[in-house]
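Notes to accompany the following structure.
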Ligand code: AMP
Ligand code: GLY
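In the numbering used here, the protein residues as written are 70 to 409.
Laid out in structure tokens, this is it:
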């Protein structure tokens, strides 16, 4: 290289400095995220806490209390981490993203206040009502007798949900009235601990279910894919309901026209309402939808990628996932608009 170019060379070296990333979590979703992040040549070092045996083959695994925001911030600072990606809902609800932002560390994932879209079913229903997003009719109870009376008055079909986070287990679609009344009793009796100290009872929505994933930087919303998961434990759609035994993407039922409708009637109004309340959302918004007669209604929001849906989404996004998550964390809407 000739002598007139040293400045250029220094600048390009700076641009090419590898990034150090930290992913929180230790499931299949985090394995998929780690796989995608590692495809990106900008990722120099990847640490996953706690990780798992599969993740250990492609990243460094660290022991860390991922529910402790101060501990995560200190760890990220010590390891010169450029971006923290929060996988599961529990650290989000515990305010780990807030602690990292306060410490000046870039983080992908919503604040605890915004993660209430997953952590409280009643909160989400109330937001939907406030912004006019279509969803099932609902009622909220913090008293077991009143809830049981409501169940008897309404009759089946209906859906009973623990209001709080219950590790994906707090939703029951009872098959008999007797079962419905027992479920209410058990939820208030503490089967899901504090998560069931109040319940939401919803209209049962018929239709086909699909998941829609949108990156949000507080303002800009970028749809990044659709998916459907296989809920039953065994082949042939048999056996108990699970959090998902596998997934595919895209979900054909979510046609481009329907995706536009979902963006206009559900996602954008919700995000605008969150911003209006002073709790803008930043991260991935996972909308569970029920589709019938060409119309989608919201079943639930999650404040994270799905597990197992992340496996198929990350396969489709590959290394660009890191650029998107980074742009989202840094509030760079132009970065978000560049995909795909
Ligand atoms: P949730 O945790 O709210 O997504 O509920 C778990 C599962 O229960 C969903 O994926 C749906 O299959 C089902 N579900 C939840 N709410 C309803 C509803 N109002 N109508 C029909 N099915 C529902
Ligand atoms: N597969 C459902 C979920 O991640 O919540």
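Ideal Cβ placement from N, Cα and C applies to all residues, glycine included.
If you check the beta carbons only, do residue i and residue j fall under 8 Å apart?
{"i": "residue 252", "j": "residue 240", "result": "no"}
{"i": "residue 120", "j": "residue 130", "result": "yes"}
{"i": "residue 390", "j": "residue 384", "result": "no"}
{"i": "residue 194", "j": "residue 207", "result": "yes"}
{"i": "residue 327", "j": "residue 406", "result": "no"}
{"i": "residue 154", "j": "residue 102", "result": "yes"}
{"i": "residue 350", "j": "residue 183", "result": "yes"}
{"i": "residue 367", "j": "residue 197", "result": "yes"}
{"i": "residue 370", "j": "residue 358", "result": "no"}
{"i": "residue 318", "j": "residue 352", "result": "no"}
{"i": "residue 94", "j": "residue 157", "result": "yes"}
{"i": "residue 144", "j": "residue 133", "result": "yes"}
{"i": "residue 115", "j": "residue 394", "result": "no"}
{"i": "residue 356", "j": "residue 335", "result": "yes"}
{"i": "residue 97", "j": "residue 380", "result": "yes"}
{"i": "residue 185", "j": "residue 192", "result": "yes"}
{"i": "residue 272", "j": "residue 188", "result": "no"}
Would you mind reading off the limits of the beta strand (DSSP E) that contains residue i?
{"i": "residue 196", "result": "No beta strand (DSSP E) holds residue 196; the alpha helix (DSSP H) holding it covers 190 to 200."}
{"i": "residue 114", "result": "112 to 119"}
{"i": "residue 369", "result": "364 to 371"}
{"i": "residue 359", "result": "351 to 361"}
{"i": "residue 205", "result": "Counting along the chain, residue 205 falls outside any beta strand (DSSP E), and DSSP gives it neither H nor E."}
{"i": "residue 91", "result": "88 to 94"}
{"i": "residue 391", "result": "Segment 389 to 398 is the alpha helix (DSSP H) holding residue 391; no beta strand (DSSP E) there."}
{"i": "residue 231", "result": "227 to 231"}
May I have the straight-line CA-CA distance separating residue i from residue j, to the nearest angstrom?
{"i": "residue 90", "j": "residue 247", "result": "51 Å"}
{"i": "residue 215", "j": "residue 266", "result": "13 Å"}
{"i": "residue 77", "j": "residue 169", "result": "For residue 77, the predicted structure reports a pLDDT of 44, less than 50, and the residue's modelled location is therefore unreliable. A value from the coordinates is still provided. So the two alpha carbons sit approximately 34 Å from each other."}
{"i": "residue 146", "j": "residue 174", "result": "8 Å"}
{"i": "residue 375", "j": "residue 401", "result": "24 Å"}
{"i": "residue 404", "j": "residue 225", "result": "48 Å"}
{"i": "residue 411", "j": "residue 127", "result": "Residue 411 lies beyond the residue range present for the chain, which begins at 70 and ends at 409; the question has no answer from this structure."}
{"i": "residue 392", "j": "residue 258", "result": "46 Å"}
{"i": "residue 264", "j": "residue 287", "result": "27 Å"}
{"i": "residue 397", "j": "residue 221", "result": "46 Å"}
{"i": "residue 372", "j": "residue 218", "result": "32 Å"}
{"i": "residue 136", "j": "residue 122", "result": "21 Å"}
{"i": "residue 386", "j": "residue 245", "result": "43 Å"}
{"i": "residue 311", "j": "residue 238", "result": "9 Å"}
{"i": "residue 268", "j": "residue 113", "result": "46 Å"}
{"i": "residue 84", "j": "residue 124", "result": "Unreliable positioning characterises residue 84 in this predicted model, as indicated by a pLDDT of 49, which lies under 50. The coordinate reading is nonetheless provided below. Taking the straight line from one Cα to the other gives about 28 Å."}
{"i": "residue 171", "j": "residue 342", "result": "24 Å"}
{"i": "residue 53", "j": "residue 111", "result": "Within the shown structure, residues of the chain are numbered from 70 to 409, placing residue 53 beyond reach of any answer."}
{"i": "residue 325", "j": "residue 285", "result": "19 Å"}
{"i": "residue 190", "j": "residue 181", "result": "14 Å"}
{"i": "residue 323", "j": "residue 362", "result": "12 Å"}
{"i": "residue 254", "j": "residue 262", "result": "13 Å"}
{"i": "residue 497", "j": "residue 148", "result": "Here the chain comprises residues numbered 70 to 409, so residue 497 is not present and cannot be evaluated."}
{"i": "residue 75", "j": "residue 346", "result": "Note on residue 75: pLDDT 41, under 50, position unreliable in the model; no value is reported."}
{"i": "residue 333", "j": "residue 304", "result": "36 Å"}
{"i": "residue 399", "j": "residue 300", "result": "35 Å"}
{"i": "residue 233", "j": "residue 348", "result": "19 Å"}
{"i": "residue 99", "j": "residue 289", "result": "25 Å"}
{"i": "residue 167", "j": "residue 337", "result": "23 Å"}
{"i": "residue 92", "j": "residue 344", "result": "26 Å"}
{"i": "residue 360", "j": "residue 283", "result": "18 Å"}
{"i": "residue 306", "j": "residue 163", "result": "35 Å"}
{"i": "residue 150", "j": "residue 329", "result": "36 Å"}
Roughly how far, in whole angstroms, is the beta-carbon of residue i from the beta-carbon of residue j, given that I think they are within contact range, below 8 Å?
{"i": "residue 298", "j": "residue 276", "result": "In fact, because the Cβ distance is near 16 Å, the residues do not count as touching under 8 Å."}
{"i": "residue 249", "j": "residue 243", "result": "4 Å"}
{"i": "residue 141", "j": "residue 117", "result": "Going by Cβ atoms, the distance from residue 141 to residue 117 rounds to 13 Å, so no, they are not a contact pair."}
{"i": "residue 213", "j": "residue 279", "result": "Between residue 279 and residue 213 the Cβ distance is about 34 Å, and since that is not below 8 Å, they are no contact."}
{"i": "residue 270", "j": "residue 210", "result": "7 Å"}
{"i": "residue 202", "j": "residue 339", "result": "6 Å"}
{"i": "residue 378", "j": "residue 296", "result": "4 Å"}
{"i": "residue 228", "j": "residue 281", "result": "The Cβ separation is near 20 Å, so there is no contact."}
{"i": "residue 308", "j": "residue 108", "result": "That belief does not hold up - the Cβ atoms of residue 308 and residue 108 are roughly 34 Å apart, past 8 Å."}
The alpha helix (DSSP H) that contains residue i, what's its start and end?
{"i": "residue 103", "result": "97 to 108"}
{"i": "residue 340", "result": "337 to 345"}
{"i": "residue 216", "result": "213 to 223"}
{"i": "residue 383", "result": "378 to 386"}
{"i": "residue 401", "result": "From DSSP, residue 401 is part of no alpha helix (DSSP H); its letter is neither H nor E."}
{"i": "residue 326", "result": "325 to 331"}
Can a CB atom of chain C be found closer than 8 Å to the CB of residue i?
{"i": "residue 163", "result": "The question asks about chain C, but that chain is absent: this structure has only one protein chain."}
Runs of 3 residues minimum, wholly inside the region 132 to 185: which ones carry the beta strand (DSSP E) assignment?
List check, beta strand (DSSP E) in window: 152 to 155.
Alpha helix (DSSP H) segments (min. 4 residues) lying fully within the region 234 to 319
As far as the region 234 to 319 is concerned, its whole alpha helix (DSSP H) runs of at least 4 residues are 246 to 258.
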